[in-house]
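In UniProt numbering, the protein residues as written are 1 to 321.
Idealized CB from N, CA, C, for every residue including glycine.
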Ligand SMILES: [Ca+2]
């Protein structure tokens with residue numbers, strides 16, 4: 001059962017209602033910018049924490065995938081930076097397929113490969129999935145250690161981990177593709193031509209160049225959302241000084257001074273109703289999807305790909321002619 005979070009703070013505001021600018025961003029007491037290794041070392045072990053709290057192991061990105069049968073072992077000795085490089089290798093072998101693979105960003109040690117799901121079909125493929133939800137089987141109301149390292153399983157619902165996303169998106173210029181589905185089967189997408197996540201301990205969201213059908217849930221036009229930091233329960237980096245929006249909205253996300261998107265929020269089945277505790281924005285929210293702040297979506301998928309992927313594929317086709 002999902003816990004209700006009746007935190008009385010803030011409301012879901014339209015961008016036009018916002019007054020806070022970048023200069024008014026509040027710094028978090030928990031934020032200690034500095035050496036990343038020190039930050040990693042100081043973070044709790046999500047495996048231990050989650051096992052203790054939920055009887056469920058956390059996501060250990062340094063271990064082999066839990067379902068080796070889904071992994072192509074053929075290229076185990078090679079190091080692919082992300083799913084776009086796996087796509088290139090698959091194209092050479094003439095068999096392009098989505099599935100779970102091991103990747104190793106250039107700044108990650110060879111002993112710590114990351115297990116990811118590769119989407120090789122959406123818009124030409126090459127996508128490294130960083131977040132996926134479709135049945136509510138995985139709890140997303142977790143603390144910063146879990147969000148740092150990641151949780152879930154790349155064969156099912158998961159969050160890849162802020163640290164992994166940071167290492168992946170630091171390699172090249174990346175784009176972000178968010179695919180969303182409501183309970184009526186409507187599928188929409190939001191695409192951002194530039195996307196990266198900064199290192200611990202802020203995990204700053206850098207995003208730009210929206211296009212798509214789902215609307216811009218990051219509200220690029222609003223300065224209040226520029227350079228948003230990531231917040232979780234007990235790790236408040238939002239810009240609402242009155243309370244923790246992560247606690248209020250029940251997830252870990254780049255909350256600004258409110259929530260226009262909350263893709264890591266609590267999962268509700270349609271039968272639950274979506275306004276379970278009266279907090280608009282409490283659920284899997286992408287506000288511009290349908291303009292209803294009480295509506296919780298059915299499926300989400302967030303994935304990244306090098307911005308030059310399409311050009312790379314085109315060049316490869318030319319070379320092979
Ligand atoms: Ca706050």
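- A Cβ-Cβ contact shorter than 7 Å links residue 265 with residue 284.
- With distances taken between CA atoms, residue 298 lies nearest to 134 out of 134, 210, 306.
- Between ligand 1 and residue 201, a heavy atom-to-CB distance of less than 6 Å is absent.
- Assignment of residue 145 by DSSP, reduced to helix, strand and coil, places it in the helix class.
- Burial check for residue 245: the Cβ neighbour count within 10 Å reaches 16 or more, so the residue is buried.
- When C-alpha distances from residue 137 are compared across 151, 207, 248, 203, the shortest belongs to 151.
- Closest in C-alpha terms to residue 189, from the list 140, 213, 115, comes 213.
- In the structure shown, residue 175 falls within a strand segment according to DSSP collapsed to helix, strand and coil.
- By the Cβ criterion, the region 299 to 307 is in contact with the region 125 to 134, since at least three pairs of Cβ atoms, one from each stretch, lie closer than 8 Å.
- Two segments are said to touch when three or more pairs of C-beta atoms, one from each, lie closer than 8 Å; by this definition the region 190 to 210 touches the region 162 to 178.
- Excluding five sequence positions before and after residue 307, the CB atoms of its chain that fall closer than 8 Å to its own CB belong to 172, 173, 174, 175, 193, 194, given in chain order.
- Residues of the same chain with a CB within less than 6 Å of the CB of residue 209, apart from the 5 flanking positions on each side, are 192, 193, 194 in chain order.
- C-alpha of residue 143 to C-alpha of residue 158: approximately 15 Å in a straight line.
- When secondary structure is reduced to three states using DSSP, residue 88 falls in the helix class.
- One Cα belongs to residue 215, the other to residue 100, and the distance between them is close to 29 Å.
- In the DSSP assignment, residue 314 falls within the unbroken alpha helix (DSSP H) covering 309 to 319.
- Relative to ligand 1, the beta carbon of residue 238 is positioned inside 6 Å of a heavy atom.
- Boundaries of the beta strand (DSSP E) harbouring residue 130: 127 to 133, taken from the DSSP string.
- Residue burial annotation: residue 200 is buried, with at least 16 other C-beta atoms found within 10 angstroms of its C-beta.
- Secondary structure of residue 96 (DSSP, three-state): coil.
- DSSP places residue 243 outside both helix and strand once states are collapsed to three, so it counts as coil.
- In the structure shown, residue 138 adopts coil according to DSSP, grouped into three states.
- Apart from the 5 residues on each side of it in sequence, residue 87 sits with its Cβ closer than 6 Å to the Cβ of 120, 125, 126 in its chain, given in chain order.
- In this structure, the straight-line span from the alpha carbon of residue 263 to that of residue 82 is close to 23 Å.
- The three-state secondary structure of residue 154, taken from DSSP, is coil.
- Here residue 196 is bridged, per DSSP, to 206.
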